[in-house]
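These notes concern the structure reproduced below.
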Amino acid sequence: MYLFRSMLVAVCAAMTILVPPSVAPPAAAATDLPDGRALADFFDAAMADGLAADHVPGAVVSVVGGGKTLFSKGYGLADVENRRPFDPDTSMVRIASITKLFTWTAVMQQVQRGKLDLKADVNRYLTAFRIPATYPRPITLQDLMDHTAGFEDRTIGVGSRSKDDVPPLADYLADNMPARVRPPGEVSSYSNYGAALAGYIVSRVSGQPYDEYVRDHILAPLAMRHSTAAEPVPAPLATDLARSYDYEGGAYRRKPFVFDNLAPDGSISATANDMAHFMIAHLLDGRFGGRRILDEPTAQLMHRRTFAADPRVDGYAHGFKEQTLNGHRVIMHDGGWEGFQSALLLVPDADLGLFVSTNSLDGADAMTKIIPAFFDRFLPGKRAVPDGGASVVPVEGFYKLTRSAESSIEKVVALTGSTRLRVEGGKLTFRGSTWSSLRPGLYQQDGGTQRLALVTGASGVAYVATDGPAYQRVPWWDSPPVNVVIVLLFAVTALTAVLGLPVAAVVRRAKKRPVPRVWRAGRVLTGLAAAVGLVFVVLFTLVLTGDTSILYGVPANVQVLLVLPLLVLALTVAALATTVRAWRGVGVLARGHQVVVLAGLLALLWFCLHWNLLGWHL
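In terms of the working numbering, the sequence shown opens at residue 39 and continues consecutively.
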């Protein structure tokens with residue numbers, strides 16, 4: 039895991055395969071259900087080609103339709119060291135953010151029972167802590183389900199190494215509350231915190247801890263006997279937990295079990311056959327066999343679209359992500375954690391569901407090939423071009439993910455991850471692709487399936503809403519080129535001080551030119567500040583590009599590194615004071631150089647202050 043790469047692939051929940059709803063364009067016509075032999079032929083070939091090529095030890099898959107499991111099978115190894123094969127009936131995978139679908143189902147159960155109101159202020163259900171009233175409109179449960187609460191993102195310390203390190207959920211939510219950075223309901227910004235908050239509210243109104251609630255009200259009715267929301271996995275099931283891996287240097291490296299501090303966002307471990315039961319229940323509007331997890335009206339309500347930044351692109355349906363694939367409306371969720379990569383896709387118009395999971399970080403690459411190929415083989419069709427939506431003129435500039443940090447050291451992710459939107463000959467270039475106009479304000483990815491809509495927020499902020507994540511235009515001072523120039527200007531001026539001041543001192547001695555002691559002190563302080571600043575820039579660049587995990591919190595070496603900007607600040611202040619005192623005692627060239635170097639130091643300090651690197655914003 040890398041320190042400032044928007045997030046663990048796991049926590050990140052990639053959001054690259056998504057879908058629309060009742061307001062969506064017409065879907066392709068329903069198709070006949072595929073038979074087991076055709077499914078076996080497809081997956082046997084796809085897994086044989088994909089797993090080895092992408093260095094994935096194993097995978098497991100289940101397909102449902104017509105109220106039953108049509109196909110399930112394991113491929114490769116669930117445990118490399120012990121050569122244990124994947125088994126869809128017993129091999130448990132960590133489904134990560136797909137857990138959120140269980141959390142949202144639990145929310146809808148409590149709505150059905152009249153204990154929760156999706157439109158009510160979430161503070162109605164909180165007593166141990168409160169969500170601050172940053173904006174006039176409060177955050178609702180519906181906002182949490184749509185990921186439109188407007189929270190900043192936070193990755194630091196979301197995991198723990200042991201059960202004893204996991205704080206009570208209420209304490210963690212109170213102590214690690216993200217800042218509210220935009221009005222609720224404006225645009226989606228995927229939030230693990232929001233899902234965990236919803237799960238905590240379910241626990242509050244039901245009187246049961248989250249894992250027990252899920253066990254009693256979802257897993258048990260669905261006969262998901264080989265699944266759990268508890269961490270660690272209970273002893274009777276623990277031996278069946280699949281292991282996950284990194285592939286490095288030609289070998290698989292096992293990933294440790296990571297405890298999720300935000301359990302309702304990603305704690306469930308399950309088998310593929312158990313996940314088939316969950317998919318069947320949602321495709322049958324809440325029914326599995328003779329039991330129900332939701333009544334029919336509530337289940338149907340849950341599957342309806344609740345938010346899209348523009349009606350012509352994919353959005354959310356009560357926590358399900360939407361994706362339009364081959365013209366079919368898909369409601370789905372993906373997830374990654376600790377190396378596992380999983381996806382669950384339901385196609386209501388075809389009465390078909392697919393669950394697939396791999397046990398490697400590289401599994402995401404395999405699934406981006408397998409899932410589209412599955413739809414091309416079994417669910418062909420074409421996506422319609424919908425009407426409606428606003429005609430918004432594209433605003434050129436740099437855009438960052440709306441899922442970004444503002445108040446912590448993680449803010450720098452936006453700097454390293456921003457991308458430029460350009461308008462060229464009626465087309466857009468964005469995120470490494472060109473996009474052609476379909477309708478005013480709506481664009482289609484050339485050579486791809488994704489769509490992009492231009493949106494203006496209530497406060498005038500320009501957004502780019504795609505079928506996956508949304509992006510927000512950043513002001514010019516937040517753009518990468520401006521900040522690169524600032525750092526380079528500092529580096530150049532600092533080098534003239536670090537390299538030039540000793541040379542100047544030697545020249546002065548040789549020519550026996552007297553210089554006031556205070557001025558010499560100011561120049562020494564300036565040179566020291568420049569040297570410390572250069573060391574910080576080099577070391578922090580290595581941190582940004584290196585293998586530094588923030589999963590368990592900011593590492594001690596990074597926290598020590600943050601001492602350097604404070605030292606630069608202290609030395610710069612001292613240098614400024616001594617420079618002012620001795621200003622009239624030296625020549626114009628010396629004064630000019632001192633001003634230039636001090637200006638470079640002030641630029642670095644602005645950079646550190648702006649990106650939360652001045653002090654410990656953890």
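C-beta atoms are modelled at their ideal positions from N, C-alpha and C, and glycine is treated no differently.
The structure displayed is predicted, hence computed values, not measured ones.
Whole angstroms are fine: how far does the CA of residue j sit from the CA of residue i?
i    : j    : result
T583 : S129 : 35 Å
L651 : A452 : 14 Å
A319 : R330 : 8 Å
D181 : T344 : 9 Å
S446 : S227 : 17 Å
G12  : A310 : Lying outside 39 to 656, the shown extent of the chain, residue 12 is not represented and no answer is given.
T143 : Y248 : 12 Å
L71  : L390 : 7 Å
S429 : A491 : 9 Å
A559 : V633 : 15 Å
V99  : D125 : 9 Å
G74  : I369 : 23 Å
A381 : D372 : 4 Å
S135 : G374 : 7 Å
D333 : G324 : 6 Å
D184 : H655 : 28 Å
L572 : V581 : 14 Å
A529 : G638 : 8 Å
D92  : D303 : 27 Å
T617 : A569 : 18 Å
A109 : L207 : Correcting the residue type first, residue 109 is Phe in the shown sequence and not Ala. C-alpha separation (whole angstroms): 38 Å.
Quick one: what does DSSP say residue i is sitting in, helix, strand or coil?
i    : result
L390 : strand
S200 : coil
K138 : helix
P59  : Bear in mind that the predicted position of P59 carries a pLDDT of just 34, short of 50, making it unreliable; the figure below should be weighed with that in mind. Coil at P59, not helix or strand.
Y210 : helix
W514 : helix
D414 : helix
K293 : coil
M262 : coil
K449 : helix
T277 : coil
H648 : helix
W375 : strand
V592 : coil
S442 : coil
Q662 : Summary: the structure shown does not reach residue 662, with the chain confined to residues 39 through 656, and so no result is reported for it.
G105 : coil
D284 : strand
A268 : coil
V98  : strand
V553 : coil
F528 : helix
Across which residues does DSSP place residue i in a beta bridge pair?
i    : result
P123 : L115
H366 : L363
F326 : R329
T178 : D159
K153 : Note: K153 sits in no beta bridge, so no partner.
T467 : R460 and T472
T494 : A500
D298 : G197
R477 : L480
Taking all protein chains shown into account, do 16 or more other C-beta atoms lie within 10 angstroms of the C-beta of residue i, making it buried, or fewer, making it exposed?
i    : result
K106 : exposed
V61  : Low confidence applies to V61: its pLDDT is 37, below 50, so where it sits in the model is not reliable, and the reading given next is rough at best. Answer is exposed; the Cβ neighbour count stays below 16.
K293 : buried
N120 : exposed
A301 : buried
T610 : buried
E462 : exposed
T564 : buried
D203 : exposed
V635 : buried
G680 : The shown model of the chain, from 39 to 656, leaves out residue 680, and the question about it has no answer.
E286 : exposed
W649 : buried
K420 : exposed
G328 : exposed
Is the closest heavy atom of the ligand ADP to the C-beta of residue i under 6 Å?
i    : result
R122 : With respect to small molecules bound, the structure shown includes none, and the ligand ADP cannot be examined in it.
Validate contact between the stretch 278 to 287 and the stretch 392 to 400 using beta carbons, cut 8 Å, 3 pairs: Taking 8 Å as the limit for Cβ pairs, the verdict is that the stretch 392 to 400 does touch the stretch 278 to 287.
Stretch-stretch touch, CB-based, cutoff 8 Å, three pairs: the stretch 472 to 480 with the stretch 495 to 511: no
The stretch 464 to 473 / the stretch 525 to 541 touching (three or more Cβ pairs under 8 Å): no
Meets three-Cβ-pair contact criterion under 8 Å: the stretch 429 to 443 and the stretch 504 to 524: yes
Stretch-stretch touch, CB-based, cutoff 8 Å, three pairs: the stretch 268 to 276 with the stretch 357 to 366: Short answer: they don't touch.
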